[in-house]
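Undergrad: Before I ask anything, let me first share the structure, which is written out below as structure tokens.
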Amino acid sequence: EVQLAESGGGLVQPGGSLRLSCAGSGFILSSHAMSWVRQAPGKGLEWVSGISHKGDSTYYADSVKGRFTISRDNSKNTLYLQLNTLRADDTAVYYCARDCWSCGFDYWGQGTLVTVSS
Amino acid sequence: DIQMTQSPSSLSASVGDRVTITCRASQDISNHLAWYQQKPGKVPERLIYGTSTLQSGVPSRFSGSGSGTEFTLIISSLQPEDVATYYCQKYNSVPLTFGGGTRVEVK
Chain A
1 EVQLAESGGG LVQPGGSLRL SCAGSGFILS SHAMSWVRQA PGKGLEWVSG ISHKGDSTYY
61 ADSVKGRFTI SRDNSKNTLY LQLNTLRADD TAVYYCARDC WSCGFDYWGQ GTLVTVSS
Chain C
1 DIQMTQSPSS LSASVGDRVT ITCRASQDIS NHLAWYQQKP GKVPERLIYG TSTLQSGVPS
61 RFSGSGSGTE FTLIISSLQP EDVATYYCQK YNSVPLTFGG GTRVEVK
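Put into structure tokens, the structure is as follows:
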């Protein structure tokens, strides 16, 4: 069974940093591109960042470019998102999602909450 | 970047009603469109991909159509368990933008 499990969320002060992880199981992570999607409280879905299956190409939404870094360790079947220079409007549930090769996101994790507040 | 615009932003319909949600892309995205359902307090789930291909296990009352810049999600007979917010998403190129969502309620 394919599963994605995020971790690393929490409360952080403005300007601070966090590193989110997404552990995959039941499939070979290196076979898929992956993305992070976030959802601010009461708001819609926002695609944040994506990475190719090999990790050699990365992509970012304008809202996080230069502050967030996506990476992956295929040997550990794990996806990461480094969040730096955090702002209050980065407060959201962050989901990792598996890209099913040009057919959208077929599996999502349960999400991890990031709260940016002083 | 291509913008995705959904309408309406919310709707309320009776059980058994036909419900139509529209998603418009600001540029041609061919058929590279997916629909997701997010029930209250739950994780989003893919309903449809490739504009019209139903995810395995999704009831046949859901259908998708369109091409290019205009797409439609139809629920042919609304059920109480369909209460959710529905999102379209383009995936032809990055950014993989979502529409703003359509909240569906039952009267």
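Chains as they are written, first to last, in the numbering used here: chain A, 1 to 118; chain C, 1 to 107.
Virtual Cβ for every residue (Gly too), placed ideally from N, Cα, C.
Predicted, not measured: the structure shown is a model, and the values here were computed from it.
Within 8 angstroms (strictly less), CB to CB, does S7(A) reach chain C?
TA: Working through the first sequence from its first residue, we reach residue 7(A) at position 7. It does not: the Cβ of S7(A) has no partner Cβ on chain C nearer than 8 angstroms.
Undergrad: Given this structure, state the Cα-to-Cα distance separating V83(C) from L86(A), to the nearest angstrom.
TA: The residue labelled residue 83(C) in the question sits at position 83 within the second sequence. The residue labelled residue 86(A) in the question sits at position 86 within the first sequence. Distance between the alpha carbons of V83(C) and L86(A): 34 angstroms.
Undergrad: Using Cβ-Cβ distances below 7 angstroms, what residues of the stretch 33 to 63 of chain C are close to chain A?
TA: So the close ones are A34, V43, P44, R46, Y49 and G50.
Undergrad: Are there any heavy atoms of the ligand MN lying less than 7 angstroms away from the beta-carbon of N31(C), as far as the coordinates show?
TA: Looking for the ligand MN in the displayed structure turns up nothing, as the structure carries no ligands at all.
Undergrad: Assess contact between the stretch 18 to 25 of chain C and the stretch 67 to 80 of chain C, defined as three or more Cβ pairs (one per stretch) separated by less than 8 angstroms. Is contact present?
TA: Yes: the two stretches touch, three or more of their Cβ pairs being nearer than 8 angstroms.
Undergrad: So, using beta-carbon positions, are A97(A) and S25(A) closer together than 8 angstroms?
TA: Your numbering for residue 97(A) matches position 97 in the first sequence. Your numbering for residue 25(A) matches position 25 in the first sequence. Not in contact: A97(A) and S25(A) (Cβ atoms no closer than 8 angstroms).
Undergrad: Please report the straight-line C-alpha distance between L11(C) and V106(C), rounded to a whole angstrom.
TA: Locating residue 11(C) in the second sequence gives position 11, counting from the first residue. Locating residue 106(C) in the second sequence gives position 106, counting from the first residue. Rounded to whole angstroms, L11(C) to V106(C) spans 9 angstroms at the Cα level.
Undergrad: Under a CB-based cut-off of 8 angstroms, is L96(C) close to chain A?
TA: As a first step, residue 96(C) must be located in the second sequence, where it is residue number 96. Yes, L96(C) lies at the interface with chain A (some Cβ there is under 8 angstroms from its Cβ).
Undergrad: Should G50(A) go down as buried or exposed, given a rule of 16 or more other Cβ atoms within 10 Å for buried?
TA: Sequence index remark: in the first sequence, residue 50(A) carries index 50 (1-based). By the neighbour-count rule (16 or more Cβ atoms within 10 Å), G50(A) is buried.
Undergrad: Using the C-alpha atoms, what's the distance from A25(C) back to D106(A)?
TA: Working through the first sequence from its first residue, we reach residue 106(A) at position 106. Working through the second sequence from its first residue, we reach residue 25(C) at position 25. Answer to the nearest angstrom: the Cα atoms are 21 angstroms apart.
Undergrad: Leaving out the 5 sequence neighbours to the left and right, which residues in its chain are closer than 8 angstroms to S67(C) when beta-carbon positions are compared?
TA: Along the second sequence, one-based indexing puts residue 67(C) at 67. Hits under 8 angstroms: S30, N31 and T51.
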